[in-house]
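Enquirer:
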Amino acid sequence: METKDIFYIVGISSTIILSLITLNVNLKNRRNALREHLYKEQVSFLQELFKELTKMNVEFDKIFNNSDNRKNNNYQETLERIALIVYDNEFLLPNDLTILLKKLIEESQEFYLIQIGTNNEKIGKAYREYYERYYALLEYIKDFIGTNSLSIENKKLHDKSNSTESKLLRDILTKAVETTIAI
Numbered sequence: 768m769e770t771k772d773i774f775y776i777v778g779i780s781s782t783i784i785l786s787l788i789t790l791n792v793n794l795k796n797r798r799n800a801l802r803e804h805l806y807k808e809q810v811s812f813l814q815e816l817f818k819e820l821t822k823m824n825v826e827f828d829k830i831f832n833n834s835d836n837r838k839n840n841n842y843q844e845t846l847e848r849i850a851l852i853v854y855d856n857e858f859l860l861p862n863d864l865t866i867l868l869k870k871l872i873e874e875s876q877e878f879y880l881i882q883i884g885t886n887n888e889k890i891g892k893a894y895r896e897y898y899e900r901y902y903a904l905l906e907y908i909k910d911f912i913g914t915n916s917l918s919i920e921n922k923k924l925h926d927k928s929n930s931t932e933s934k935l936l937r938d939i940l941t942k943a944v945e946t947t948i949a950i
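Position one of the sequence shown corresponds to residue 768 (the numbering used here), numbered consecutively onward.
#1: Let me know the alpha helix (DSSP H) ranges lying completely inside the stretch 872-932, each 4 residues or longer, listed in chain order.
#2: Going by other Cβ atoms of all chains shown within 10 Å of its Cβ, with 16 needed for buried, is A893 buried or exposed?
#3: Pairing CB atoms from the stretch 781-789 with CB atoms from the stretch 861-880, are three or more of them under 8 Å?
#4: Chain B beta carbons: is any one of them nearer than 9 Å to that of R848?
#5: Between I881 and K889, is the Cβ-Cβ spacing less than 9 Å?
#6: Which class does N841 belong to by DSSP, given the choice of helix, strand or coil?
#7: Keeping to the same chain, check which residues put their C-beta closer than 6 Å to that of Y897; ignore five residues upstream and five downstream.
#8: Mapping the DSSP letters down to three states, classify L860 as helix, strand or coil.
#9: Output the distance between the C-alpha atoms of K912 and Y806, rounded to the nearest integer angstrom.
This is how it looks when you write it as structure tokens:
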């Protein structure tokens, strides 16, 4: 085998290896773009969902705090809007989130049915259970979208940025004062 044959083999082999590496990088980049888009859609859905859940919470607070509102409330309409939002975006939800949301809706229906009665103890218990489910869902979603970790990271970046800017500003002001004193 001649030297040029060895160089050809090395060249072809390195080209194949580089092509495979490039293909792998391209596939990862494509997955990252899809992951980012899915995340954006999930956050948008969750914002819309929590707007409606907040309306339901307001209705429940009205019902719980004023017995006159037990018959006149918008719970059914709010529940229908929540169901529509969930059905429209169900394919975006991970299974754990779907289960938590289902339990929350079941608790809300139970609270709504119990509040029609007059047993204040049952009403209070159902009200607390509903909010326990609500906050469990909220904590899961915060963990799911990384709210706390992203907030901590943003704060660190902000603090780092401010400390660098502050040091730079101090240096500029110090030089300006020194120049002024020297004149």
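Every residue, glycine too, gets a C-beta built ideally from N, C-alpha and C.
Expert: Put simply:
#1: 887-912
#2: Residue numbering aside, residue 893 sits at position 126 when the sequence shown is read from its first letter. Buried.
#3: no
#4: In the structure shown, chain B cannot be found, because there is only a single protein chain.
#5: Numbered from 1 along the sequence shown, position 114 holds the residue referred to as residue 881. Numbered from 1 along the sequence shown, position 122 holds the residue referred to as residue 889. Yes, these two residues count as a Cβ contact at 9 Å.
#6: Residue 841 sits at position 74 when you count from the first residue of the sequence shown. Correct three-state label for N841: coil.
#7: Within the sequence shown, residue 897 is the residue found at index 130, counting from 1. Counting only Cβ-Cβ distances below 6 Å, and skipping sequence neighbours, we find E874, S875, F878.
#8: Within the sequence shown, the letter at position 93 stands for residue 860. Coil at L860, not helix or strand.
#9: Along the sequence shown, one-based indexing puts residue 912 at 145. Along the sequence shown, one-based indexing puts residue 806 at 39. The sequence as given places Ile at residue 912; Lys does not occur at that position. Rounded to the nearest angstrom, the two C-alpha atoms are 8 Å apart.
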